[in-house]
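Have a look at the structure below, then the notes.
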Amino acid sequence: MLFRILKNSFLKRPKAVFLVFLSIAMGAAVATAFLGIAGEVSHKMALELRSYGANILLEPAAVEGGGVLHEEDLPKIKTVFWKYNITGFTPYLFGVAEISSGTKRERGVVTGTWFNKQLEVEGEAPTVQGIKVIAPWWDLRGRWPEAADEAIVGAALAKRLGTAVGKELVTTVGGRSRRFRVAGIVTTGGFEEEQLFAPLVTVQELLQKQGKVSRVLVSALTVPMDDFGRKDPAGMNKDDYEKWYCTAYVTSVAKNVEEVMAGSRAKPIWQIASAEGALLKKLNGVMIFLTILALGSAATAVSTSLMASMAERSSEIALMKAVGADRFQISSIFLGETLIISIAGGIIGYLIGDRLGVFISRTVFNSTIISPLWLFPTAIISALVVALAGSVAPLRRALLIEPVRVLKG
52 MLFRILKNSF LKRPKAVFLV FLSIAMGAAV ATAFLGIAGE VSHKMALELR SYGANILLEP
112 AAVEGGGVLH EEDLPKIKTV FWKYNITGFT PYLFGVAEIS SGTKRERGVV TGTWFNKQLE
172 VEGEAPTVQG IKVIAPWWDL RGRWPEAADE AIVGAALAKR LGTAVGKELV TTVGGRSRRF
232 RVAGIVTTGG FEEEQLFAPL VTVQELLQKQ GKVSRVLVSA LTVPMDDFGR KDPAGMNKDD
292 YEKWYCTAYV TSVAKNVEEV MAGSRAKPIW QIASAEGALL KKLNGVMIFL TILALGSAAT
352 AVSTSLMASM AERSSEIALM KAVGADRFQI SSIFLGETLI ISIAGGIIGY LIGDRLGVFI
412 SRTVFNSTII SPLWLFPTAI ISALVVALAG SVAPLRRALL IEPVRVLKG
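Taking the working numbering, the leading residue of the sequence shown gets 52, the next gets one more, and so forth.
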């Protein structure tokens, strides 16, 4: 009997059913698109933000007495628990030198580093590490050094020396001199413009610090910091420490790296980590807010459509009450209609939302997303929530209908 009533209801009121179906489908589609974008684009934006600077600084634990780190320990960074979150790193070795070009002489910093080093790690695929990975935003005029006697010079230092790409510089430290050919001039807007950058092995030889580095900058994908992530791990119990250690906070990733680098101290670069976390939180907040707003609008549209439908069906409802139908039976009929429409709307909404998410991601974020499997049940649940929220007021009105007044004529 219930099935026959539902079937007749759909066949006799196709326009009203379609309006409710359309409202639910659009609500589910928007929810699917925005939640899919929030999940995938947040990850892609985190990757993009990693190109604007490292977020972990690794330095010697004992700075007194000229503390240094060991280059041989660097491959271990790609073996830690969070190794797949570490997108890149590069070492630095600093020294004060006298740099000359022709008749001009300047006292400045010579920095040894990796530019584009192929790193072999046992048990892992080869990776490329260096400044090109962690600082692609550097504006380089010329090219990156390829030979041991090539270097790049900061724009401010190059201007004072009057040098240019292709010219030679002489760097002198403690009576030892080394000639470098300028392969490029770099502009960063920061302190790097006052330095000369050369291959790490060459600077190690010049400073007589073979196998030593002064610091390491690490770029890692992390989750936004919260109150738990800011806690001191030294004061945590075993369960809390495991939870903290197994969450990709910038502090826990830094701890990971510190453990494999002998004599090191790792600390987050907070101005980068905090800004990145705040931006990702705001992005997710906007997506969730838009999703709730879309679902609320869809529920309002469903409620309006059902209210108009209930007004048309007041005689039918009054007649059912007159022949003995109770509140539960009447509710079952209308909620059954809404349930069927919402499931159909959720499925269609998911299919539309999946394509809508791809379109928005490609148009706005210039990126392609792949919808996760959890979005399908989310779309169905969203459709059910919209349908039930929109049915509350119309159903309440239907249950308040008095058969005597409606059927009097």
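Where a beta carbon is used, it is the ideal one built from N, C-alpha and C, also for glycine.
Quick caveat: nothing in here was measured; it's all calculated off a predicted structure.
{"Asked": "Reduced DSSP secondary structure (H/G/I, E/B, other) of glycine 181", "Found": "coil"}
{"Asked": "Presumed contact (8 Å Cβ cut-off) between arginine 211 and glutamate 157, rounded CB distance", "Found": "5 Å"}
{"Asked": "Length of the line joining the Cα atoms of aspartate 277 and leucine 426", "Found": "26 Å"}
{"Asked": "Beta-ladder partner(s) of isoleucine 137, from DSSP", "Found": "Ala271"}
{"Asked": "Buried versus exposed, by CB contacts within 10 Å (16 or more), glycine 333", "Found": "For the sequence presented, residue 333 should be read as lysine rather than glycine. Lysine 333 is exposed by the Cβ-count criterion."}
{"Asked": "DSSP state of threonine 154 mapped onto helix, strand, coil", "Found": "coil"}
{"Asked": "Nearest to alanine 105 (by Cα), restricted to the options Ala79, Arg456 and Ile137", "Found": "Ile137"}
{"Asked": "Sequence-distant residues of the same chain with beta carbon closer than 7 Å to isoleucine 320, five excluded per side", "Found": "Ala105, Asn106, Ile107 and Leu108"}
{"Asked": "Host alpha helix (DSSP H) of lysine 282 (start-end)", "Found": "Per DSSP, lysine 282 belongs to no alpha helix (DSSP H) and is neither H nor E."}
{"Asked": "Close beta carbons around proline 445, own chain, < 8 Å, minus the five adjacent residues each side", "Found": "Ser354, Leu357, Met358, Ser360, Met361 and Phe385"}
{"Asked": "Asparagine 288, buried or exposed, once every other Cβ within 10 Å from all chains shown has been counted against 16", "Found": "exposed"}
{"Asked": "Top-ranked residue by Cα proximity to alanine 82, from Leu341, Val443, Pro423 and Arg456", "Found": "Leu341"}
{"Asked": "Leucine 451 classed as buried or exposed, judged by whether at least 16 other C-beta atoms fall within 10 angstroms", "Found": "exposed"}
{"Asked": "Pick from Thr178, Ser412 and Ile432 that is closest to isoleucine 10, judged by C-alpha positions", "Found": "Nothing about residue 10 can be read from this structure; the chain reaches only from 52 to 460."}
{"Asked": "Inter-residue Cα distance where the pair is aspartate 190 and glutamine 246", "Found": "14 Å"}
{"Asked": "Inter-residue Cα distance where the pair is lysine 372 and arginine 364", "Found": "13 Å"}
{"Asked": "Bridge partners - valine 204, DSSP secondary structure assignment", "Found": "Ile236 and Leu247"}
{"Asked": "First and last residue of the uninterrupted beta strand (DSSP E) at glycine 441", "Found": "Not the beta strand (DSSP E): glycine 441 falls in the alpha helix (DSSP H), residues 426-450."}
{"Asked": "Touch test, the segment 204-223 against the segment 170-187, Cβ-Cβ under 8 Å, three pairs minimum", "Found": "no"}
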